[in-house]
Each structure stands twice: as structure tokens, then as C-alpha cells.
Amino acid sequence: MKFSQFFNIWLHENYYKNVSKIGKNGDFFTAVSVGNLFGTLLAKHFLKLIDEGALKLPLEIVEIGANEGYLSRDFLSALVEFRPEIFSQISFFIIEPHEKLQILQKKTLKGIDFIHKNNLEECYFKNGFFFCNELFDSFTCELIDNDTMAYVKDYQIVFKPIDESLQQRCQELGLKKGELSLELENFLKQLDKVSEKFIFAGFDYGTFDNDRFSIRIYQKHEVFDPFEISLKDFFGKSDITYNVNFNHLKTTIENLNFKLLHLKKQSQALIDFGFEELLEYTKNKNIKSYENLLSQSKILFFNFDEKFHFFEFAKL
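As C-alpha cells, this is what we get:
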């Protein structure tokens, strides 16, 4: 089978479906695992978009790929802290296909009025603010090596001649070796179809490289090369991921006539969101909370790979 099919069965029909653990006791960390600072700063950014007129109320807020719902919880808690009156003018959605994760999200967000949707096809948004964390690197991908593409047979990766249509897409993108996600293109096309206008804010590992593989496996915070191990030993039980091709993302955004607003490193984005203002606000209110945010910031700013980026685009 094509590598993309194998990737989908591994990640979406097994690993995520059976509720993967994230954080200290899981296979990998995300920015959300660190604490509430990440979600709080995203909320400050959201409010700034409203204050500057980039977003206009009333609107729909949508998280995609929420896992257990902690980012939504931190985001909404910050809105309660900074702008509680806004809740009369927003409706909140989580798009989640996996039933077990829906149950965990309802538990995490107990007492919060929100709507679950299984996929974008069920939705229609007039005026949305979408956010996600490490979503695009979970989209199925093909592995491209010049004129060949990856297949999986007996849990081994083998390369065969590339499909003609796929080869043409790679030539358009200047991609010689690496990952190519057609699911990313399909997702953005569907987003366009179900939304009148929106701003989409996301975080993901990604690069502009077009000549190397980044596909990797995480198991209990160790990294494994899928070309050097037995895939059967990890299949469906460990995380598999890759770096998002930002050249591909930018090209797809342009082709859909969306407007790219930001593409910058996560650390710079968090500063721009109002990190220093938040620290000053918290210091004047509660010194223990201030110290906690400082501790979180050291991890967010210094313990995450420089390939971790913030991107934001809009349909106006």
C-alpha cells in the first residue's frame, strides 16, 4: 500500500483513535503540555485581532485536533479572565472524529457550552476563528525520493516509480525529496468550501527544505528513524510525524486566494502575542501565578525546536 495509507491506518485508525497520551507520561510533549501560558497567549492574540478590527463579532471559534481539550480550556479560561462579556457573541466548536477523544474533551470542558462536529463536511461557518496545535503534521503524506515514492510491504518501506500526477505536483513545488501531504491541500479546500470568512491560527513543526526526509517516530520521548527500525514494533502504538512543508502550505494558501498573515517561529509569535504584558499583569495580581508563568516561559522559549512555527492565514 502507499505510505499515505499506511500512515493513516497507523495514526488515525489506531494511535489517535485509542487516545494517545501526550506529555510527561506519553510519547511526546506539545506546547500545551507545559501549562496554561500557551493557551492564554493565544487568547490574548485573539482579543487583539478583535480590537484591531481583523475579526468582528459575533463569530464562531473552532479548535481542530483538540486531543483532550486542554488548549481549548486554557484559551476559554483566559477569555473569562480578560473579556467575559465576549461569550454572548461567540459560539464554540471542536471538530473531532474520534469518540473516545470527544468523551475526554467533554470531561475537560465540563460546564462549557460547545458543539462537537465529526468533520469539516458537517459544518458551515459564516465568520470563524480557527486554531490548532500540531494538526498539519498529523495529515497523511507520501514520501518522495526524486522519481520514486514510498510503499509499505510487510512493515518495510520500499520505493517504486512515482505516480505521474504526483510527480507533476512535486515539480510544481520544487520537491525532490521529502514528505508531500495531499491531505493538507484537501483540508484547506474543504475549509474554503464550508467557510464564508475566517482567520486560521496554527502551530506546527515545519521547514522550507525540499531535499530530505523528516519522517520520524516518537516513543516515550525517544526518536526513531522509520528506515532503521522494524515498523511492526511501533505500528499504532507510537506517534509518527514529520515536518510540515511550508513551501507547500504557502503555495496552497495562495492558490485558494487566502491571505497569509504570519509565518514565524513560535517563540517570536508568543512574544508578539503579548507575553511581557501578561507577565506584568500577573505579577501585579498574584506572585505565585507570575512565577509559574515564568517557569513555563523558559520551557516554551528554550526547550522547543527552532522548527516550531506559528502560521496564520485568512479568507476575507
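Position one of the sequence shown corresponds to residue 9 (this note's numbering), numbered consecutively onward.
All C-beta atoms, glycine included, are put in the ideal place defined by N, C-alpha and C.
Fill in: Any alpha helix (DSSP H) of 4 or more consecutive residues that is wholly inside the stretch 289-324
Within the stretch 289-324, the complete alpha helix (DSSP H) segments of 4 residues or longer fall at 295-310, listed in chain order.
Practice prompt. Determine the DSSP secondary structure at Val166, reduced to helix, strand or coil.
Written response: Here Val166 sits in strand by DSSP.
Practice prompt. Verify whether the separation of the beta carbon atoms of Phe4 and Phe206 is less than 8 Å.
Written response: Since the first and last residues shown for the chain are 9 and 324, residue 4 lies out of range.
Fill in: Start-to-end residues for the alpha helix (DSSP H) that takes in Arg81
Arg81 -> alpha helix (DSSP H) spans Tyr78 to Phe90.
Practice prompt. Please list, in chain order, all residues of the same chain as Thr156 whose beta carbon is under 8 Å from its beta carbon, the five residues on each side excluded.
Written response: Counting only Cβ-Cβ distances below 8 Å, and skipping sequence neighbours, we find Phe167, Lys168, Pro169 and Ile170.
Worksheet item: For Arg224, which residues does DSSP report across the bridge?
Response: Its beta-bridge partners are Thr249.
Worksheet item: By how many angstroms is the C-alpha of Phe100 removed from the C-alpha of Thr116?
Response: The straight-line gap from Cα to Cα measures roughly 14 Å.
Discussion item. Let me check understanding here. Comparing Cα to Cα, which of Lys291, Ser305, Gln276 and Ser303 lies closest to Lys315?
Written reply: Of the listed residues, the one whose Cα sits closest to Lys315 is Gln276.
Discussion item. To test your reading of the DSSP string, which unbroken beta strand (DSSP E) runs of 3 or more residues are found completely within the stretch 168-231?
Written reply: For secondary structure counted as the beta strand (DSSP E) over 3 or more consecutive residues, the stretch 168-231 holds these complete runs in sequence order: 185-188, 206-215 and 224-227.
Worksheet item: When DSSP labels each residue in this structure, what does Ile279 get in the three-state scheme?
Response: In this structure, Ile279 counts as helix in the three-state DSSP scheme.
Item to complete: Could you check if Glu262 is buried or exposed, using at least 16 other CB atoms within 10 Å of its CB as the buried criterion?
Response: Glu262 is exposed by the Cβ-count criterion.
Worksheet item: Hey, is Leu196 close to the ligand ATP, as in C-beta under 7 Å from one of its heavy atoms?
Response: Although the ligand ATP was asked about, the structure shown includes no ligands whatsoever.
Worksheet item: Taking Ile279 as the reference, which of Ser305, Phe254 and Asn135 has the closest Cα?
Response: Checking every option, the nearest Cα to that of Ile279 belongs to Ser305.
Discussion item. Taking the straight line between their C-alpha atoms, what separation do you get for Phe295 and Phe54?
Written reply: Going by the sequence as given, residue 295 is Ile instead of Phe. If you take the alpha carbons of Ile295 and Phe54, they lie about 25 Å apart.
Practice prompt. Measure the beta-carbon distance from Phe122 to Val252 and round it to whole angstroms, keeping in mind my assumption that it falls under 8 Å.
Written response: 27 Å between Cβ atoms; not a contact.
Fill in: Residue from Lys228, Asn75 and Phe232 whose Cα sits closest to the Cα of Phe221
Each of Lys228, Asn75 and Phe232 was checked against the Cα of Phe221, and the nearest Cα belongs to Phe232.
Worksheet entry | Unbroken beta strand (DSSP E) run spanning Lys25, endpoints | Note, Lys25: premise wrong, no beta strand (DSSP E); not H, not E.
Worksheet item: Taking Lys125 as the reference, which of Leu63, Gly136, His106 and Pro66 has the closest Cα?
Response: The shortest C-alpha separation from Lys125 is found at His106.
Fill in: Beta-carbon proximity list for Lys52, same chain, < 8 Å, skipping 5 on both sides
Exclusion of the five residues before and after Lys52 leaves Ala86, Phe90, Phe281, Gly282, Glu285 and Leu286 as the residues of its chain whose Cβ lies within less than 8 Å of its Cβ.
Worksheet entry | DSSP beta-bridge partners of Asn126 | In the DSSP output, where bridge partners are listed per residue, Asn126 has none listed.
Worksheet item: Should Glu60 be labelled buried (16 or more other beta-carbon atoms within 10 Å of its own) or exposed?
Response: That one is exposed.
Item to complete: Would you kindly work out how many angstroms separate the C-alpha atoms of Lys258 and Asn16, rounded to a whole number?
Response: Approximately 24 Å between the Cα atoms of the pair.
Discussion item. For Ile111, count the other beta carbons within 10 Å of its own beta carbon; 16 or more makes it buried, fewer makes it exposed. Which is it?
Written reply: By the 10 Å Cβ count, Ile111 comes out exposed.
Fill in: Bounding residues of the beta strand (DSSP E) (the contiguous stretch that carries Leu99)
It should be pointed out that residue 99 corresponds to Ser in this sequence rather than to Leu. For Ser99, the uninterrupted beta strand (DSSP E) segment begins and ends at Ile98 to Ile103.
Item to complete: Return the chain-ordered list of same chain residues with a C-beta closer than 7 Å to the C-beta of Lys10, the five sequence neighbours on each side being excluded.
Response: Excluding positions up to five away in sequence, the list reads Glu150 and Tyr159.
Worksheet item: In this structure, what does DSSP give as the bridge partners for Leu134?
Response: Reading the sequence as shown, one finds Lys at residue 134 and not Leu. In DSSP, Lys134 forms no bridge with anything.
Worksheet item: Are there three or more Cβ pairs, one per stretch, closer than 8 Å when the stretch 77-85 is compared with the stretch 38-52?
Response: Touching, yes.
Item to complete: Just mark Glu93 as buried or exposed, buried being the case when its beta carbon has 16 or more other beta carbons within 10 Å.
Response: Exposed is the call here.
Worksheet entry | Alpha carbon of Ile120 to alpha carbon of Cys140, nearest angstrom | Within the model, the alpha-carbon separation for Ile120 versus Cys140 is close to 19 Å.
Discussion item. Strictly by DSSP, which residues pair up with Lys267?
Written reply: Per the DSSP secondary-structure output, Lys267 pairs in a beta bridge with Ala322.
Worksheet item: Residues bridged to Met157 by DSSP?
Response: In DSSP, Met157 forms a bridge with Ile152 and Lys168.
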